[in-house]
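Okay, structure first, notes after.
Protein chains: 2
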Amino acid sequence: MNKDPLKNYVQSLVPLTDDEADAFVAPFEERRVKKKQFIVQPGFTNRHRAFVLEGAFRSYAVTPDGQEHTLQFAIENWWVSDFNSYIYQHPATLFIVALEDSTLLQITRVQEEALKASSHTFETVFRIMAEKGLAFEHRRLLINLSHDAEARYENFLLNFPNFVQRVPQYALASYLGMTTEYLSRIRNRRTRQES
Amino acid sequence: MNKDPLKNYVQSLVPLTDDEADAFVAPFEERRVKKKQFIVQPGFTNRHRAFVLEGAFRSYAVTPDGQEHTLQFAIENWWVSDFNSYIYQHPATLFIVALEDSTLLQITRVQEEALKASSHTFETVFRIMAEKGLAFEHRRLLINLSHDAEARYENFLLNFPNFVQRVPQYALASYLGMTTEYLSRIRNRRTRQES
DNA sequence: CAGCCCCAATGAACCAGGTCAAGAAAAACC
DNA sequence: GGTTTTTCTTGACCTGGTTCATTGGGGCTG
């Protein structure tokens with residue numbers, strides 16, 4: 000079981016000794032997930048925080064009228080969870096599904112608490128992760144509020160070019176807050192203009 | 000200078016001894032701000048994290064075409080900052096303005112780092128603040144993606160009834176992602192139906 | 001307490017983006 | 001490798017929300 004990507008990720012946030020890094024990743028367990036398999040579903044509490052070693056995920060909500068709204072994509076070196084469910088340990092409202100055959104490193108909330116309690120430095124790691132996540136969501140919110148559909152798509156292309164090929168278009172559309180049909184038209188407009 | 004509200008706030012996140020609570024709030028300085036005064040402006044780095052003792056604030060971005068987009072409101076017991084500017088210490092993109100004569104408790108980024116370094120427990124405080132903030136923004140994002148204008152307004156009324164009377168309607172509209180005119184129509188529709 | 005200015009309300013025309021339906025094109029499956 | 005299922009595209013039409021312009025209140029400020 001190769002935990003190096005997670006070690007490298009943590010080291011990029013906070014410098015750790017080799018021993019510290021080993022201690023940090025120790026409670027994480029590998030989990031393999033097949034494409035289309037769900038790792039979180041509404042009604043069940045999301046007990047793990049998961050780091051993607053390989054593959055791709057999508058978290059989304061389904062409204063009463065059946066529409067899907069994508070909150071997050073995650074590929075290698077990203078985290079996935081229904082964050083509200085995970086930190087408050089109450090039932091999830093989101094689905095999280097594998098978009099490809101994938102491998103995760105996951106930790107339970109209880110183990111995470113132990114990790115944070117065991118070391119000031121580990122507490123710092125989680126603090127920084129949350130702060131960066133929060134800063135990220137502020138940027139996303141602002142883009143959503145201030146840009147029209149086409150500009151949001153352009154922005155996504157620019158910031159996450161490596162996601163575009165790996166996520167289905169209807170999922171991307173629902174992440175960007177528009178319909179599949181409209182995203183299709185935007186793409187069409189653009190590729191026609193380019194030539 | 001009364002730092003009790005901040006002490007109580009911190010204690011509500013993590014239990015602290017009186018001495019610890021005193022140490023935590025020590026580096027915070029009081030600042031009084033008049034209505035319409037700016038505490039953050041684009042181009043200048045946001046050097047402080049501020050806790051509202053009294054009054055109300057609004058953070059917003061202005062797009063090239065002159066439209067304003069409100070990211071956050073803050074009243075008593077809330078924090079305000081251009082979070083991206085504050086944590087990365089690079090120039091702000093937001094304005095933050097006082098909606099009323101207000102009093103803040105503010106700490107610089109450097110002092111905050113010292114506070115976190117001095118105590119595992121204080122690090123935990125900031126970790127929890129960031130996590131709760133992140134969970135909050137996830138909920139907001141989902142509402143923005145999945146609800147139409149009227150439902151977003153209803154939702155705001157329900158969750159933040161005490162903000163409604165204190166923020167100008169054009170600011171609320173831009174927070175909810177609609178025009179002032181449309182919010183006015185929604186309110187009108189609703190009050191007519193109620194009677 | 002008059003005057004001004006900012007803010008909310010309202011109407012009419014307009015448009016970005018959604019909806020519905022029906023094919024085309026990929027994947028997935030056996 | 002053919003068939004079934006899922007995703008993407010395209011067209012015609014529709015609507016929630018915007019834009020622009022005007023009028024009517026408050027509430028500061030002198």
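First to last, the protein sequences are chains A and B.
If you count by numbering that gives the first Met the number 0, then the first sequence holds residues 0 to 194, one letter each, in order.
If you count by numbering that gives the first Met the number 0, then the second sequence holds residues 0 to 194, one letter each, in order.
Built from N, CA and C at the ideal position, the CB exists for glycine as well.
{"query": "Could you please tell me which residues of the stretch 139 to 173 of chain A, in chain order, have their CB closer than 8 Å to any CB of chain B?", "result": "139, 140, 141, 143, 144, 145, 173"}
{"query": "Considering Cα atoms alone, identify which of A:134, A:38, A:124, A:128 is closest to residue 221 (chain B).", "result": "Nothing in the structure corresponds to residue 221 (chain B), since chain B is present only between 0 and 194."}
{"query": "Do you know how far the Cα of residue 161 (chain A) is from the Cα of residue 5 (chain A)?", "result": "20 Å"}
{"query": "What does residue 59 (chain A) pair with, by DSSP beta-bridge criteria?", "result": "A:69, A:94"}
{"query": "Would a C-beta distance cut-off of 8 Å place residue 53 (chain A) and residue 75 (chain A) closer than the cut-off?", "result": "yes"}
{"query": "Compare the Cα-Cα distances from residue 55 (chain B) to each of B:137, B:18, B:31 and report the closest residue.", "result": "B:31"}
{"query": "To the nearest whole angstrom, what separates the beta carbons of residue 44 (chain B) and residue 73 (chain B), a pair I think is in contact under 8 Å?", "result": "No, residue 44 (chain B) and residue 73 (chain B) are not in contact; Cβ-Cβ is about 19 Å, not under 8 Å."}
{"query": "With a CB to CB cut of under 7 Å and the five nearest residues on each side skipped, what residues in its chain are close to residue 88 (chain A)?", "result": "44, 108"}
{"query": "Taking the Cβ atom as the reference point for each residue, do residue 26 (chain B) and residue 106 (chain B) lie within a distance shorter than 8 Å?", "result": "yes"}
{"query": "Helix, strand or coil for residue 15 (chain A)? Go by DSSP, reduced to three states.", "result": "coil"}
{"query": "Tell me where the beta strand (DSSP E) around residue 25 (chain B) begins and ends.", "result": "Looking at the DSSP string, residue 25 (chain B) is not in any beta strand (DSSP E), and its letter there is neither H nor E."}
{"query": "Look at the alpha carbon of residue 96 (chain B) and the alpha carbon of residue 24 (chain B), and state the distance between them as a whole number of angstroms.", "result": "24 Å"}
{"query": "Suppose contacts are defined by Cβ-Cβ distances below 8 Å. Is residue 39 (chain B) in contact with residue 93 (chain B) by that definition?", "result": "yes"}
{"query": "With DSSP run on the structure shown, which of helix, strand or coil describes residue 145 (chain B)?", "result": "helix"}
{"query": "List the endpoints of the continuous alpha helix (DSSP H) containing residue 110 (chain B).", "result": "108 to 117"}
{"query": "Is there a Cβ from chain A that is less than 8 Å from the Cβ of residue 179 (chain B)?", "result": "no"}
{"query": "From the DSSP output, in three-state form, read off residue 124 (chain A) for me.", "result": "helix"}
{"query": "Could you tell me whether the stretch 59 to 67 of chain B touches the stretch 12 to 21 of chain B, using the rule of 3 or more Cβ pairs below 8 Å?", "result": "no"}
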